[in-house]
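All remarks here apply to the structure that follows.
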Amino acid sequence: MNGVELRNVTKAYAGLTVMEDINLEIADGDFLVLLGPSGCGKSTLLNMIAGLEPTTDGSIHINGRDVTSLEPDERDIAMVFQSYALYPTMSVRRNIGFGLKMRGMLRDEIDKRVAEVGDLLQITPLLDRKPSQLSGGQQQRVAIGRALVREPSVFLFDEPLSNLDAKLRADMRIELKRLHERLGRTIVYVTHDQIEAMTLATKVVVLDKGGIQQVDTPENVYRRPANRFVASFVGAPT
Ligand code: ADP
Ligand code: MG
Numbered sequence: 001m002n003g004v005e006l007r008n009v010t011k012a013y014a015g016l017t018v019m020e021d022i023n024l025e026i027a028d029g030d031f032l033v034l035l036g037p038s039g040c041g042k043s044t045l046l047n048m049i050a051g052l053e054p055t056t057d058g059s060i061h062i063n064g065r066d067v068t069s070l071e072p073d074e075r076d077i078a079m080v081f082q083s084y085a086l087y088p089t090m091s092v093r094r095n096i097g098f099g100l101k102m103r104g105m106l107r108d109e110i111d112k113r114v115a116e117v118g119d120l121l122q123i124t125p126l127l128d129r130k131p132s133q134l135s136g137g138q139q140q141r142v143a144i145g146r147a148l149v150r151e152p153s154v155f156l157f158d159e160p161l162s163n164l165d166a167k168l169r170a171d172m173r174i175e176l177k178r179l180h181e182r183l184g185r186t187i188v189y190v191t192h193d194q195i196e197a198m199t200l201a202t203k204v205v206v207l208d209k210g211g212i213q214q215v216d217t218p219e220n221v222y223r224r225p226a227n228r229f230v231a232s233f234v235g236a237p238t
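The sequence shown begins at 1 in full-length UniProt numbering and counts up one residue at a time.
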């Protein structure tokens, strides 16, 4: 099966279980949003898919391949963090191309791909600036560009918009949705923001304290919540 699959995944930190027996299938091309309150385990789940955190038990499969014991760069994924994590001394161009250089790609090919991504994200005029010379929204675009340029089959986003102001967040939501439609790639997107989940997702996974509460379309999660927790979390005004 293409896409991402978690089979009986359990996670404990220093003997304390935070995720218990998680089973989840993420279809190829889905925009899957992991939605839940702070501390429920969203980042832990995403980091296990990325290979940044080991699973305590169970297995993770990407495009039909068991990746449970593979390094992040062997998993055909790219991740975008809330903190952007750009290299401060490098230009935008080098920030975006760095991962390709590490893989041994030739200069001309890197330049070509960085130019394409710059075009797509409308950051071409910024390519020779340093991250410190960019606004928060522009830095976020560069972080997304760094993931896009690697052309993985799965993109992982951990609360990528939470450091942006409300107006920019709304704009970026629209852009992310367009990007997904254009690329047709699988996206796994973590947020605690119901509006983001409802507007972006093709499928929503509602999480609470280490467990999956509901997996459904945004509309069904909203109209037919599986339990009280989902009803109060999705329905509650912020
Ligand atoms: P979320 O992203 O939903 O806010 P996290 O995945 O960061 O939640 O955290 C889930 C739980 O695991 C929390 O109780 C948190 O304190 C705990 N946790 C996360 N990372 C670590 C860690 N590196 N060491 C110990 N406990 C952790
Ligand atoms: Mg988190």
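We treat Cβ as the ideally placed atom computed from N, Cα and C, and that holds for glycine.
Distance CB(residue i)-CB(residue j) smaller than 8 Å
| i | j | result |
| --- | --- | --- |
| F233 | V215 | no |
| L35 | I26 | no |
| I123 | V142 | yes |
| M19 | V4 | no |
| D73 | T186 | no |
| R169 | L161 | yes |
| L46 | L164 | no |
| V204 | V190 | no |
| A201 | P218 | yes |
| L127 | R93 | yes |
| L86 | Q138 | no |
| D154 | V114 | Per the sequence shown, residue 154 should be read as Val rather than Asp. Not a contact, by the Cβ cut-off of 8 Å. |
| G41 | G210 | yes |
For residue i, the three-state DSSP class (helix, strand or coil)
| i | result |
| --- | --- |
| Q139 | helix |
| A78 | strand |
| E5 | strand |
| S91 | coil |
| K101 | helix |
| V215 | strand |
| G58 | strand |
| E53 | coil |
| T238 | The pLDDT assigned to T238 is 47, lower than 50, so where the model puts this residue is not dependable; a value taken from the coordinates is nonetheless given after this. In the structure shown, T238 sits in coil (DSSP, three-state: anything other than H, G, I, E or B). |
| N23 | strand |
| A201 | coil |
| L127 | coil |
| R65 | strand |
| V221 | helix |
| L16 | strand |
| L207 | strand |
Chain-order list of residues whose beta-carbon lies under 7 Å from that of residue i (same chain, five-residue window excluded)
| i | result |
| --- | --- |
| P152 | D76, I77 and A78 |
| M48 | V9, K11, T55 and I60 |
| A226 | Q213 and Q214 |
| residue 241 | There is simply no residue 241 to check, as the chain begins at 1 and stops at 238 in what is shown. |
| T44 | K11, V18, M19 and E53 |
| D21 | N8 and T10 |
Distance between beta carbons of residue j and residue i, contact taken as under 8 Å
| i | j | result |
| --- | --- | --- |
| K130 | S91 | 6 Å |
| residue 239 | G184 | One cannot answer for residue 239 here, as it falls past the ends of the chain, which runs 1 to 238. |
| D208 | P37 | 7 Å |
| L100 | I110 | 5 Å |
Beta-carbon proximity list for residue i, same chain, < 6 Å, skipping 5 on both sides
| i | result |
| --- | --- |
| G64 | M1 |
| M172 | L161 |
| D158 | S43, L46, F81, Q82 and V190 |
Close-in-space but distant-in-sequence residues of the same chain around residue i (CB under 8 Å, 5 per side omitted)
| i | result |
| --- | --- |
| L70 | G51 |
| R7 | N23, G58, S59, I60 and H61 |
Q: Starting from the N-terminal end, write out each residue whose C-beta falls within a distance shorter than 6 Å of any non-hydrogen atom of the ligand ADP.
A: Y13, V18, G36, S38, G39, C40, G41, K42, S43 and T44
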